[in-house]
Amino acid sequence: MFNEINSYHQISYLGVFLWFVFLDQLTPIPEEVTLLTIGYIAERHLINPYYAGFLAFLGLTIIDNIFYWLAFSGNKIINRLKNAVSEKLQIKYSKKLEQNPVRTLLILSFIPKIRFFSPIFAGLFRVKWSLFFLVNGLGTIVFVIVYIAVGMLFHHSLEYLLKELEIIRHSIFVGFMIVITLIVFFRFKNKGKD
Numbered sequence: 773m774f775n776e777i778n779s780y781h782q783i784s785y786l787g788v789f790l791w792f793v794f795l796d797q798l799t800p801i802p803e804e805v806t807l808l809t810i811g812y813i814a815e816r817h818l819i820n821p822y823y824a825g826f827l828a829f830l831g832l833t834i835i836d837n838i839f840y841w842l843a844f845s846g847n848k849i850i851n852r853l854k855n856a857v858s859e860k861l862q863i864k865y866s867k868k869l870e871q872n873p874v875r876t877l878l879i880l881s882f883i884p885k886i887r888f889f890s891p892i893f894a895g896l897f898r899v900k901w902s903l904f905f906l907v908n909g910l911g912t913i914v915f916v917i918v919y920i921a922v923g924m925l926f927h928h929s930l931e932y933l934l935k936e937l938e939i940i941r942h943s944i945f946v947g948f949m950i951v952i953t954l955i956v957f958f959r960f961k962n963k964g965k966d
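If you count the sequence shown from 1, you need to add 772 to reach my numbering.
Structure below.
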């Protein structure tokens, strides 16, 4: 029985890592929602939030650096992704990256769905890799910790309020995640039209 639980946890941790390195880029589900979900699951003692958080951080750092280097080298796929962002927004962030790259990279780390473009902008606009690596890493650590903690707090608060209503509590969480996903998705879609 213990070996089954242990292997389940290992698969869960591998899943967290693989999600952030590969699958996260292919789905419309925001990273914030995934991290909130990890926190929610961790509060139920199904996974360790420290291991899951570290693997989420590692996956995000790897993919961010891959996108940075692809953008820096002028990769055609990245140029197509860049074209998905309005020219007005690109000009705005290129100026901000020139003026204050540390502050801009930190701010970009917390804007839903724009966070995805942070390493691309950094590579395209020639931010030094060492600076990008350090600032993006710090921003990612805070990003992961905050969202996992909020997910855990969300579970704890719901548990306190709705102790006897298991099905309703989980339904509220799923509904909340769907609403956040839709808000972020449509907001990003509308910003892309600007």
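Glycine residues also receive a C-beta, built at the ideal position from the N, C-alpha and C atoms.
query, result
"Is the Cβ-Cβ distance between Ile834 and Ala824 less than 9 Å?", "no"
"Just to confirm my understanding: we take Glu870, look at its own chain, exclude 5 residues before and 5 after, and list those with CB closer than 8 Å. What are they?", "Phe897"
"Taking the runs of the alpha helix (DSSP H) that are 4 residues or longer, which of them lie wholly in the region 887-936?", "890-896 and 901-933"
"What three-state label does DSSP hand Pro821 in the structure shown?", "helix"
"By a C-beta neighbour count over all protein chains shown, 10 Å radius and 16 as the cutoff for buried, is Thr912 buried or exposed?", "buried"
"How big is the Cα-Cα spacing for Leu947 and Tyr785?", "Before going on, a small fix: residue 947 reads as Gly here, not Leu. Near 25 Å, if we compare the C-alpha coordinates of Tyr785 and Gly947."
"Would you kindly check if the distance between the Cβ of Phe915 and the Cβ of Leu832 is under 9 Å?", "yes"
"Per the contact definition of three or more C-beta pairs closer than 8 Å, is the region 876-886 in contact with the region 899-910?", "yes"
"Does Lys885 come out as helix, strand or coil in the three-state DSSP assignment?", "coil"
"Compare the Cα-Cα distances from Leu807 to each of Arg959, Thr799 and Ala921 and report the closest residue.", "Ala921"
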